[in-house]
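J.: The structure under discussion is supplied below as structure tokens; questions concerning it will follow.
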Amino acid sequence: MKISVVGSINMDMTVKTARIPIKGETVKGEDLTYIPGGKGANQAVAMAKLGASVEMFGCVGDDAAGKQLVKNLEQYGIVTKNIKTVKDVPTGVALITVGEKDNTIVVVAGANDSVTIPYIDSIKEDLLSSDLVLLQHEIPKDTVQYVIDVCYKAGIKVILNPAPARDVRQEDIEKVAYLTPNEHEAAILFGAENSLEDLVKAYPEKMIITMGKEGAIMCGEKGKVITVPAGKAKVVDTTGAGDTLNGAFAVQIAKGRTMEEALRFATTAASLSTETFGAQAGMPSYEEVERMMSNDNCRSK
Numbered sequence: 004m005k006i007s008v009v010g011s012i013n014m015d016m017t018v019k020t021a022r023i024p025i026k027g028e029t030v031k032g033e034d035l036t037y038i039p040g041g042k043g044a045n046q047a048v049a050m051a052k053l054g055a056s057v058e059m060f061g062c063v064g065d066d067a068a069g070k071q072l073v074k075n076l077e078q079y080g081i082v083t084k085n086i087k088t089v090k091d092v093p094t095g096v097a098l099i100t101v102g103e104k105d106n107t108i109v110v111v112a113g114a115n116d117s118v119t120i121p122y123i124d125s126i127k128e129d130l131l132s133s134d135l136v137l138l139q140h141e142i143p144k145d146t147v148q149y150v151i152d153v154c155y156k157a158g159i160k161v162i163l164n165p166a167p168a169r170d171v172r173q174e175d176i177e178k179v180a181y182l183t184p185n186e187h188e189a190a191i192l193f194g195a196e197n198s199l200e201d202l203v204k205a206y207p208e209k210m211i212i213t214m215g216k217e218g219a220i221m222c223g224e225k226g227k228v229i230t231v232p233a234g235k236a237k238v239v240d241t242t243g244a245g246d247t248l249n250g251a252f253a254v255q256i257a258k259g260r261t262m263e264e265a266l267r268f269a270t271t272a273a274s275l276s277t278e279t280f281g282a283q284a285g286m287p288s289y290e291e292v293e294r295m296m297s298n299d300n301c302r303s304k
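143 is the number that our numbering gives to position 140 of the sequence shown; each next residue is one higher, with no gaps.
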């Protein structure tokens, strides 16, 4: 079972602060680190650490960061042969501030903007050998739409994680198998006047809305709204938790699990990922997720 990711590959510049500054404020930072990231790459790593067979499609710059990021993916066993190195363009960068058990992120696209329709055409044969494809919004909008169309015509399931939030065509929502915004993205996409319950009811067995420490919400095929709680965790850094959830959900769906079963596994994996600093470092193994789920079940009895 091959799962592919078409998406961003970034170098995360992460700084810790006692608290996240408000507009116009300067605060003291510490421990500036450079960590492999990007929503696409993060989701690929999350799945690989859970034992999945994963290929990454995307672009990096012809700089030291690009070489380092490709090497990082390869160490997890991710196939990188179709990652394109773009000349005279810097690798994408994310500027992350971590404080108060939360974060803010500013992304500079760099080579991620080179994930174009011609690039997709150049790797289409390998992409269409996938059983499941994950997409996010850190690559150009028309590319995301094109990949959805290509996969839909080929009968390949797509999970769209619409982050950062931007408009999604209704036809794309209908074509993807699953849509996974967080609560803030859902409000931007569909309107803040709609309740989370109403939104998932409008897209049963398709939409998952993640809610951070509150877990996630979905609607079953019979119209039953299901809230899946997050696992209990000692939070250090929430960066990459959403990517872990998406990756873990994809792995379980690829295994043939139901949407609810896959989501329960995914929220547990996301909770575990917050216990370590950095997006990819804390992403758990399959055994770690199973162990936490077992412990949580024991405590709830």
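Yeah, the Cβ is synthetic: ideal placement off N, Cα and C, and Gly gets one too.
Considering only DSSP beta bridges, list what residue 160 is partnered with.
T.: DSSP output for residue 160 lists 135 as bridge partner(s).
J.: Could you check if residue 1 is buried or exposed, using at least 16 other CB atoms within 10 Å of its CB as the buried criterion?
T.: Outside the displayed span of the chain (4 to 304) sits residue 1, for which this structure offers no information.
J.: Could you pull out every residue in the same chain whose Cβ sits closer than 8 angstroms to the Cβ of residue 304, ignoring the five residues on either side in sequence?
T.: Here residue 304 scores only 41 on pLDDT, less than 50, and its place in the model should not be relied on; the value that follows carries that caveat. Same-chain partners within the cutoff: there are none.
J.: Output the boundary residues of the alpha helix (DSSP H) element that contains residue 79.
T.: Residue 79 -> no alpha helix (DSSP H), and no H or E assigned at all.
J.: Let me confirm a value: residue 157 is counted as buried when at least 16 other C-beta atoms fall within 10 Å, else exposed. Which label applies?
T.: Exposed.
J.: Using 10 angstroms around the beta-carbon of residue 183, count the other beta-carbons present and answer buried if the total reaches 16, otherwise exposed.
T.: Buried, by the Cβ-count rule.
J.: Which runs of the beta strand (DSSP E) spanning at least 3 residues fall entirely within the segment 44-77, listed in chain order?
T.: Listed in chain order, they are 56-60 and 62-64.
J.: Would residue 292 and residue 272 be called neighbours here (beta carbons separated by less than 8 angstroms)?
T.: Yes, the Cβ-Cβ distance between residue 292 and residue 272 is below 8 angstroms.
J.: What do you get for residue 41, buried or exposed, if any count of 16 or more other CB atoms within 10 angstroms of its CB means buried?
T.: The residue in question, residue 41, is buried, as its Cβ has 16 or more Cβ neighbours within 10 Å.
J.: State the Cα-Cα distance for the pair residue 277 and residue 61, rounded to the nearest angstrom.
T.: If I take the Cα positions, the gap works out to 26 angstroms.
J.: For the segment 198-242, list the alpha helix (DSSP H) runs that are entirely contained and at least 4 residues long, ordered along the chain.
T.: Entirely contained in the segment 198-242, the alpha helix (DSSP H) runs reaching 4 residues are, in chain order, 199-205.
J.: Between which two residues does the alpha helix (DSSP H) harbouring residue 265 extend?
T.: 262-276 is the span of the alpha helix (DSSP H), which, as asked, contains residue 265.
J.: As a quick exercise: from 74, 56 and 208, pick the residue whose alpha carbon is nearest that of residue 162.
T.: The residue with the shortest Cα to Cα distance from residue 162 is 208.
J.: Taking residue 129 as part of the alpha helix (DSSP H), name the residues at either end of that continuous run.
T.: It spans 120-130 - the alpha helix (DSSP H) in which residue 129 sits, taken as one unbroken run.
J.: Measure the CB-CB distance between residue 23 and residue 95 and report whether it falls below 8 angstroms.
T.: Cβ atoms of residue 23 and residue 95: not closer than 8 angstroms.
J.: Closest to residue 270 by C-alpha separation, out of 221, 280, 225 and 281, would be which residue?
T.: It is 221.
J.: Tell me, please, whether the segment 107-118 touches the segment 131-139 by the rule of three or more beta-carbon pairs shorter than 8 angstroms.
T.: No contact exists between the segment 107-118 and the segment 131-139.
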